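For the sequence shown, position 273 matches number 255 in this note's numbering, and the numbering has no gaps at all.
Beta carbons are placed, not taken as given, at the ideal position from N, Cα and C, and that holds for glycine.
No experiment lies behind these values; they were computed from the predicted model shown.
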Amino acid sequence: MIRPPAVGRPSLHWETLALDGGLEIDPTTRAIAPNISMSVNNMLTPGDGAFSADGVEDLTALPFLYARWTNPTVRQLEQRMAALEGTEDALATATGVAAIAATFLTCLKKGDHLIISDVCYAGANELARRILPDYGIEVTAVNMARLDEVAAAFRPSTRLVHCESPCNPILRLTDLCAVAALAHRHGAIVSVDSTLATPVATRPLALGVDLVIHSLTKFINGHGDALGGVVCGRKELVEKIRSRAGVYLGASLSAHNAWLIMRGIDTLFPRLRAVSDSAMRIARFLCDHPGVKSVIYPGLETHPQYALANRQMNAFGGILTFQTDDQQKMAVRLADRLRVVHYAFSLGHQRSIVVLLDTNEMMKSTYRLQGAQLDDYRAFAGDGVFRLSVGLEAVEDIIADLDQALR
Ligand SMILES: Cc1ncc(COP(=O)(O)O)c(C=O)c1O
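1) Can you check whether the CB of F368 is closer than 7 Å to the CB of V336?
2) Among the candidates R245, K91, A387, whose CA atom is the shortest distance from the CA of D318?
3) Grab me the residues of N296's own chain with a C-beta within less than 6 Å of its C-beta, minus the 5 sequence neighbours each way, in chain order.
4) Which of helix, strand or coil does DSSP assign to R128?
5) Report the rounded CA-to-CA distance for A0 versus L250, giving the unit in angstroms.
6) Report the three-state DSSP secondary structure of C89 (helix, strand or coil).
7) Going by DSSP in three states, F46 sits in which element: helix, strand or coil?
8) For the stretch 110 to 160, list the alpha helix (DSSP H) runs that are entirely contained and at least 4 residues long, ordered along the chain.
9) Are the CB atoms of I223 and A84 nearer to each other than 7 Å?
10) Please tell me whether, using a cut-off of 6 Å, the distance from the CB of Y103 to the nearest non-hydrogen atom of ligand 1 is below it.
11) Residue range of the beta strand (DSSP E) that H238 falls in?
12) Going by the CB atoms, is the gap between A233 and T75 shorter than 7 Å?
13) Alpha carbons only, please: which of V56, F46, S(-7), L219 is nearest the one belonging to R245?
14) Could you tell me if the beta carbon of V161 falls within a distance shorter than 6 Å of some heavy atom in ligand 1?
15) Quick check: the stretch 213 to 229 against the stretch 272 to 291, are at least 3 beta-carbon pairs closer than 8 Å?
16) Taking 7 Å as the cut-off, decide whether the C-beta atoms of L90 and L96 are in contact.
17) So which of A133, G204, M126 has the shortest CA-CA distance to N239?
18) Would you report the Cα separation of I301 and V372, rounded to the nearest angstrom?
19) Quick check: what's the CA-CA separation for A188 versus E67?
20) Measuring only from the beta carbon, is G78 closer than 6 Å to any heavy atom that is part of ligand 1?
21) Please identify the residue among R266, P272, R333, A237 whose C-alpha is closest to the C-alpha of L254.
22) Does the Cβ-Cβ distance between V191 and L73 come in under 7 Å?
23) With a 10 Å radius around its C-beta and 16 neighbouring C-beta atoms as the bar for buried, classify Q310 as buried or exposed.
24) Whole angstroms are fine: how far does the CA of P272 sit from the CA of M312?
25) Look at the alpha carbon of A382 and the alpha carbon of R389, and state the distance between them as a whole number of angstroms.
26) Would you check if the distance between the CB atom of D157 and the CB atom of L374 is smaller than 7 Å?
27) How would you write the range of the alpha helix (DSSP H) that A74 sits in, first residue to last?
28) Please state if the CB of I98 and the CB of A363 are separated by a distance shorter than 7 Å.
29) Quick check on this structure: which residue in V274, L(-6), Y359, V121 has the alpha carbon closest to the alpha carbon of N342?
30) Taking DSSP as the reference, what is the three-state secondary structure of I301?
31) Roughly how many angstroms separate the alpha carbons of N24 and V274, rounded to a whole number?
Next up, the structure:
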């Protein structure tokens, strides 16, 4: 048996739940750390529970029928994430993008309408805007920071609003409380991809959001050695997504990755606090650097939505962006000269990572924004940004490394 999560405000602090949420001492081994159960199937009592296209009627009656549904180790991770987000339940998936795809394909059917942030994780944006319309799902992309645009986008068929805060890659924020209120007024639900914020920085459920999605691959695992995703929310909805994701899409998480990710979560709070402190110092250092033209970080007073960041975020996180002159040349120079920071894609790992995201390339490959939406993108990103994911190295070493490479 696994301890069920406390819904809403827990009796324990979030930091403690990051260690103990869903953790049950194994009665046979009495191991304190979670055991890895690799078994694909578990013994059944005939007649227990039943599957259907819309989920198992009662997961507690039939928890570990077959590992594509869930597994004892994966379930512990799900309970831990539900406890951390304060939701009734959670579903762990093979990747973050699988959690997003399963959410879209469960909440939307032919004739339904999705409102999505015009800038969000590239895979989600491309899936929504290029693939869902092939299945008869209508999609409107809006700048979620413009609430009048969001309000105007609703149709009677709108079922889901999908956003990010801060959004990858430009770190624009969404007022989650306001967007959730709008969506609920129109009978729609809201999913937020909270990967960049993590449960340490933002508590979407308390702001009215219905589904909280994470790429566990990033800060939550935090060690760059396991792919994973999660969607947290009401039990009934999560179970419906589980049947699509696990049973029909086959996007199940491996027990081994679940175990690695739980080990990462043990240190999520101190890691996030450390990278947030370092990111703040690095952001201030870059603001004063002669080789840097501009810096975007939610913790800087110069962030266009600093007031919202202060209101909505408990920590400002480990991602910042900066711009330089002649960025293509600078990218080559950074890749060549950096010794502590790594020039690579991805984010949220224990090691610092930087990469150039050129605006024209991003428009061509993914966002295809025009007019006011493109102007809004450029207000945060100009011709492109270096996205820096701050790691756990000594902040003085990161700063010295950036300084010698940027000069
Ligand atoms: C905000 C965000 N969401 C989702 C994903 C997808 O995660 P995964 O690589 O685990 O599929 C990413 C990956 O970069 C991301 O940055």
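On the basis of the coordinates in this document:
1) In the sequence shown, residue 336 corresponds to position 354, counting from 1. In the sequence shown, residue 368 corresponds to position 386, counting from 1. Yes, they are a contact pair.
2) As a working note, residue 318 is residue 336 in the sequence shown. Checking every option, the nearest Cα to that of D318 belongs to A387.
3) Indexing the sequence shown from 1 puts residue 296 at position 314. Listed in chain order, the non-local C-beta contacts of N296 below 6 Å within the same chain comprise A183, local neighbours out to five positions each way being set aside.
4) Numbered from its first residue, the sequence shown carries residue 128 at position 146. Coil at R128, not helix or strand.
5) Stepping through the sequence shown from its first residue, residue 0 is reached at position 18. Stepping through the sequence shown from its first residue, residue 250 is reached at position 268. For A0 and L250, the distance between alpha carbons rounds to 7 Å.
6) As a first step, residue 89 must be located in the sequence shown, where it is residue number 107. Residue state, collapsed to three classes: helix.
7) Taking the first residue of the sequence shown as 1, we reach residue 46 at position 64. Note: F46 maps to coil in three-state DSSP.
8) 129 to 135
9) Here residue 223 refers to the residue found at position 241 of the sequence shown. Here residue 84 refers to the residue found at position 102 of the sequence shown. Judged by their CB atoms, I223 and A84 are nearer to each other than the 7 Å cut-off.
10) Stepping through the sequence shown from its first residue, residue 103 is reached at position 121. Yes; taking the cut-off as 6 Å, the Cβ of Y103 has a heavy atom of ligand 1 nearer than that.
11) The residue you call residue 238 lines up with position 256 of the sequence shown. H238 -> not in any beta strand (DSSP E); alpha helix (DSSP H) instead, spanning 237 to 248.
12) Position 93 of the sequence shown holds residue 75. Position 251 of the sequence shown holds residue 233. In contact: T75 and A233 (Cβ atoms closer than 7 Å).
13) As a working mapping, residue 245 is identified with position 263 in the sequence shown. Residue V56 is the option with its Cα nearest to R245.
14) On the sequence shown, residue 161 is found 179 positions in, with the first residue counted as 1. No, Cβ of V161 sits at least 6 Å from all heavy atoms of ligand 1.
15) no
16) What you label residue 90 is simply residue 108 of the sequence shown in a count that begins at 1. What you label residue 96 is simply residue 114 of the sequence shown in a count that begins at 1. L90 places its beta carbon less than 7 Å from that of L96.
17) Here residue 239 refers to the residue found at position 257 of the sequence shown. It is G204 whose Cα lies nearest to the Cα of N239.
18) Taking the sequence shown and counting its residues from 1, the one referred to as residue 301 is at position 319. Taking the sequence shown and counting its residues from 1, the one referred to as residue 372 is at position 390. Distance between the alpha carbons of I301 and V372 is about 6 Å.
19) Within the sequence shown, numbered from 1, the residue matching residue 188 stands at position 206. Within the sequence shown, numbered from 1, the residue matching residue 67 stands at position 85. Distance between the alpha carbons of A188 and E67: 9 Å.
20) Counting from one through the sequence shown, the residue named residue 78 turns up at place 96. Indeed, a heavy atom of ligand 1 lies less than 6 Å from the Cβ.
21) On the sequence shown, residue 254 is found 272 positions in, with the first residue counted as 1. Nearest C-alpha to L254: R333.
22) Here residue 191 is taken as the residue at index 209 of the sequence shown, counted from 1. Here residue 73 is taken as the residue at index 91 of the sequence shown, counted from 1. Cβ distance not < 7 Å, so V191 and L73 don't count as in contact.
23) Counting from 1 along the sequence shown, the entry for residue 310 is found at position 328. Its Cβ having fewer than 16 others within 10 Å, Q310 is exposed.
24) Position 330 of the sequence shown holds residue 312. Position 290 of the sequence shown holds residue 272. Going by the C-alpha atoms only, they are around 14 Å apart.
25) The sequence position of residue 382 within the sequence shown is 400, counting from 1. The sequence position of residue 389 within the sequence shown is 407, counting from 1. The straight-line gap from Cα to Cα measures roughly 11 Å.
26) Locating residue 157 in the sequence shown gives position 175, counting from the first residue. Locating residue 374 in the sequence shown gives position 392, counting from the first residue. Not in contact: D157 and L374 (Cβ atoms no closer than 7 Å).
27) Along the sequence shown, read from residue 1 onward, the residue named residue 74 stands at position 92. Not the alpha helix (DSSP H): A74 falls in the beta strand (DSSP E), residues 71 to 75.
28) Here the question's residue 363 lines up with position 381 in the sequence shown. Here the question's residue 98 lines up with position 116 in the sequence shown. Cβ distance not < 7 Å, so A363 and I98 don't count as in contact.
29) The sequence position of residue 342 within the sequence shown is 360, counting from 1. Checked all of V274, L(-6), Y359, V121; the closest Cα to N342 is Y359.
30) As a first step, residue 301 must be located in the sequence shown, where it is residue number 319. It is a strand residue.
31) Position 42 of the sequence shown, counted from the first residue, corresponds to residue 24. Position 292 of the sequence shown, counted from the first residue, corresponds to residue 274. The alpha-carbon atoms of N24 and V274 are separated by roughly 57 Å.
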